[in-house]
Amino acid sequence: MELHLNNRHSDVTRIPFLKGAIIITWGLLALFLFQSAPFFLIKSFGVLNLIVGTLTVWYALRHLDLKISRQWLLLEAGVELVAGIVFTFIAATLNEFFHYMGIGIFFIIILQFIYGYALLNSGEYNLVNLMMRFLTLFTGAAIGIVLFSSMIPYDKAFLIIGLFSILYGSINIQYGLQAKNAVLGKIK
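Numbers given in my numbering equal positions in the sequence shown, counted from 1, plus 17.
This is the structure we're talking about:
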């Protein structure tokens, strides 16, 4: 019985940690390749989203006992899978990439706001997780406006998206490390 709980706990933390590591890796690639490989960054962003979307679906369906799995993870997986399809198969130019990216970031920050607000109303929240979500909300709003208005050149936009990806990946890693509380779920 103890071994089963240890394996289950490991699985609860491993998948979000892996997902965060994948997102951070793409963010680092964007920081290093922003001038030399824009087409690679566009397509790899699509593939990244297909991979993390699949991981999110698998995680949510495997851990229905976690409160967050019922709605938020499946919604997040849907967004990731749609982004994966758009960036892998539809977005072919830098202009299209940043247009869809602006829309995607606005959608992510709306979800972060709704989820953060729901956590506050529930009275069950992890302060670090909540602060990271609101940090994502504010930085995402600024980034979305900058991308949507085409205020900066494409190479600088990749730098900004890379930094935002590192922040967003960190939220996933933090989630994986904190997956033992009442909001994120307790291992039964």
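The C-beta atom is built at its ideal place from N, Cα and C for all residues, glycine as well.
Excluding the 5 residues flanking it on each side, residue 181 has same chain C-beta neighbours closer than 6 Å at 160, in chain order.
The three-state secondary structure of residue 51, taken from DSSP, is coil. By the neighbour-count criterion, in which a residue is buried when 16 or more other Cβ atoms sit within 10 angstroms of its Cβ, residue 148 is exposed. Shown here for residue 156: not one same chain residue has a beta carbon closer than 6 Å to its own, the five before and five after excluded. Around the Cβ of residue 43, a 10 Å sphere holds 16 or more other Cβ atoms; the residue is buried.
The C-beta distance from residue 32 to residue 91 rounds to 14 Å, too long to fall under 8 Å, and the pair is not in contact. Assigned with DSSP and collapsed to three states, residue 71 falls in helix.
Assigned with DSSP and collapsed to three states, residue 169 falls in coil, not helix or strand. Between residue 37 and residue 189, the C-beta gap is smaller than 8 Å, which places the two residues in contact. Straight-line spacing of the CA atoms in residue 76 and residue 162 works out to 32 Å. Residue 179 is a Cβ neighbour of residue 48, given a cutoff of 8 Å.
Taking a C-beta distance under 8 Å as the contact criterion, residue 130 and residue 152 do not qualify as a contact pair. Residue 193 and residue 34 have their C-alpha atoms roughly 5 Å apart. If you check the CB distance, residue 117 and residue 96 do not come in under 8 Å. Residue 144 counts as exposed, since fewer than 16 other C-beta atoms from the protein chains shown sit within 10 angstroms of its C-beta.
Leaving aside the five residues that flank residue 111 on each side, the residues in its chain whose CB is nearer than 8 Å to its CB run, in chain order, 55, 59, 171. Annotation for residue 94: the continuous alpha helix (DSSP H) segment containing it runs 89-102.
A check of alpha carbon separations from residue 134 across 30, 78, 187, 89 identifies 89 as the nearest. With a threshold of 16 other beta carbon atoms within 10 Å, residue 109 falls short and is exposed.
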